[in-house]
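When we follow our numbering, the leftmost residue of the sequence shown carries the number 669, and every step to the right adds one.
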Amino acid sequence: GSVAQAALTVEGFRVALQRRTDLQFSRAGHTASLLADGSVLVVGGVESSMAERFLPATQTFQSAGNTGEKRWSHTASPLPGGGWIFLGGLGVDAAQTRLVTLASAMLHEDGAFTTLDARMLSPRYDHGAAPLADGSILVTGGLPLPGSDVSALPAAEVFDPVQKRFTATGAMALPRAGHTATTLKDGRVLIVGGRDSTCLFTCGQRTWRSAELYDPATGTFSPAGAPSQARFNHTATLLPDGRVLIAGGTTPDLEGTDVSTLVEVYDPATNQFLTLGALLRPRASHTATLLGDGKVLLAGGLTYGSGENSMATATVEAFDPATGLSRLATSEVTTRYRHAAARLASGQVVLVGGSEGGGAIRIVEVFD
C-alpha cells in the first residue's frame, strides 16, 4: 500500500503516523492478537472467515488460513504456551442466510486453527473474557441471540485449556453485555458496567453503574465499589501499578449526548473507583492501548449515537494516568470504531480495520 507519513505534535506528544497497508478483507468487530513471533493475528469481522497476519518487519499482511466460520463481536484470549482461543460472537447459519449467535470455540496454535468439539454452555456475543492465573479463561455475560429486545446473560463459565471443556461457575449479580472483564494482578477479575439488553426504545434498556469482582478461588462474584458513571462499550486498561483505567463508553447519564468522556480508575487496594479526568473527545466502541511510558492511547470510537444516526471520530489521544491529562494527536487519522488495536514489540501501535459508519474498512495505520 501507499505510505503516507505525518508527524503529529501537540504539547510534547509526538506520534509519527504511517498509513502502511491495507487488510486483505474489510473487517469490523474483529480481534487483533499479538503472537509469540511478533506478528499480529487478525480474526473475524463481517466479510470473511479468512484470517490474516500483520508482519511488522515488512508492514504487510499475509493470509493466515481459514477459520471455518464467519465470526464477529467475539473475544480473543491468550492461552499458556502462546496459543489463542476465540470464543462465541455473531455469525451466519450454514445456509449463509441468517444471523446466529455462536457457542463455538476456536483455537489458534502453532499457526493453525482448530474448532473445538466442546462448545460454550451458552452462545453469546458482546461478552467478556479474561485469562485466569491457572491458564483457564473466564467468560462472562453477553447476548444469547441476535437482534433487538434480547436480554443479556448473568451466567459465567470457565474454559479449561487442558481438558478442553467448559464448566459453569458462579453467576454475576446482574445480566451484562458490552461490559469489560479485566484480570487484576492478584488474579481476580474486575467486571465493569454493561447493559442489560438490546431493548433500545420499546422496553427500556438499562445501563449498569456497577462493578463486580470474580474470585477464581471461590468461583463467585462479589460487589466492587461503584463506578461514577453507568456505561457500556467502554474500555478497561490494566495499568503497570495494578489499577484499571476505565474510559469512554455509551452512557445514559449525560444530557445532550450519550457517549462519555469520563476517565476513572479502579484501585484494587481500596476496592474503589476514583475519577481521574476526561478524554478530549467522547468515545465508545474505541480502543485503548497501554504504551511503554504508562500512557494509554485511545483511538477512534463513536462520538454520538448508535445505528443510523451515529458519528465516529478520526482522532487519537494519549491519556496520562499520572496527571489525569490527555493530549490529542494533531493530525486526523481514519474515522473508525469497532476496530482492533495491538501494541507491537517495537512499541508501535497498529490500528486495524473497523467501521467508518458506512461499513467495514480495510485501512490499517501504525503509530510510532
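Glycine included, every Cβ here is placed at the ideal spot set by N, Cα and C.
- Task: Give me the Cα-Cα distance between R833 and G1015, rounded to the nearest whole angstrom.
- Result: 35 Å
- Item | DSSP state of L958 mapped onto helix, strand, coil | strand
- Query: What residue does the beta strand (DSSP E) around E1033 start on, and which one ends it?
  - Reply: Taken as a continuous stretch (DSSP letters only), the beta strand (DSSP E) holding E1033 covers 1029-1035.
- Task: Please determine, among V933, D909, V927, G872, the residue with the shortest C-alpha to C-alpha distance to S896.
- Result: V933
- Kindly list the residues whose CB is nearer than 8 Å to the CB of A879, restricted to its own chain and excluding five residues on each side of it in sequence; keep chain order. L858, I859, V860, G861, P891, A892, G893, A894, P895, Y934, F941
- Using beta-carbon positions only, say whether V927 and T919 come within less than 9 Å of one another. yes
- Query: Whose C-alpha, out of G796, S694, T886, T743, is nearest the C-alpha of L775?
  - Reply: Comparing Cα positions, the closest option is T743.
- Message: Quick check: the Cα distance between T929 and V826, rounded to an integer number of angstroms?
- Response: 33 Å
- When you compare only the Cα positions, how much space is there between T903 and T981? 16 Å
- Minimum C-alpha distance to A725 - residue among S717, E737, G706: When only C-alpha atoms are compared, the closest one is G706.
- Query: So, using beta-carbon positions, are L758 and H795 closer together than 9 Å?
  - Reply: no
- Query: According to DSSP, which residues form a beta bridge with V857?
  - Reply: T851, Y882
- Query: Helix, strand or coil: how does DSSP classify M979 here?
  - Reply: In the three-state reduction of the DSSP assignment, M979 falls in the strand class, which pools E and B.
- Test item: CB-CB of R844 and D883 under 9 Å: no
- Spatial neighbours of G917 in its chain, beta-carbon cut-off 7 Å, leaving aside the 5 residues before and after: G861, R899, F900, N901, H902, S928, A952
- Check N734 in the structure and name its three-state DSSP category. strand
- Own chain residues within Cβ distance below 6 Å of D1039, not counting five before or after: What is shown of the chain runs 669 to 1036, which leaves residue 1039 out entirely.
- Contact under 9 Å by Cβ, S865 with S790: No. Outside cutoff.
- Query: Which two residues bound the contiguous beta strand (DSSP E) that contains F781?
  - Reply: 780-783
- How is E720 classed by DSSP in three states: helix, strand or coil? strand
- Out of S772, T808, L813, point me to the one whose CA is closest to R766's CA. By alpha-carbon distance to R766, the top candidate from S772, T808, L813 is L813.
- Query: Using CA coordinates, which residue listed in S741, V768, A990 is at the minimum distance from D909?
  - Reply: A990
- Since I believe R1006 is in contact with G1022 (beta carbons under 8 Å), could you give me their beta-carbon distance rounded to a whole number of angstroms? 5 Å
- In terms of residues, what are the limits of the beta strand (DSSP E) holding F900? Boundaries for F900: no beta strand (DSSP E) harbours it, and the DSSP string shows neither H nor E there.
- Query: Any idea which residues DSSP pairs A1009 with across the strands?
  - Reply: L1019
- With a cut-off of 8 Å on the beta carbons, I'd call G756 and M718 a contact; round off their distance for me. Not quite, the Cβ-Cβ distance comes to about 19 Å (not below 8 Å), so this is no contact.
- If you draw a straight line from the alpha carbon of P936 to that of L852, how long is it in whole angstroms? 8 Å
- Message: Residues in the same chain with beta-carbon distance under 7 Å from T850, minus the five sequence neighbours each way, listed in chain order, please.
- Response: A798, V857, L858, A904, L906, V912
- Query: Could you give the distance in angstroms between the alpha-carbon of G803 and the alpha-carbon of M840?
  - Reply: 21 Å
- Give the secondary structure of A937 by DSSP, where H, G and I count as helix, E and B as strand, and everything else as coil. Reduced to three states, the DSSP call for A937 is coil.
- Unbroken beta strand (DSSP E) run spanning V708, endpoints: 708-711
- Whole-angstrom distance between G733 and G992, CA atom to CA atom: Straight across, the Cα-Cα distance linking G992 with G733 is about 43 Å.
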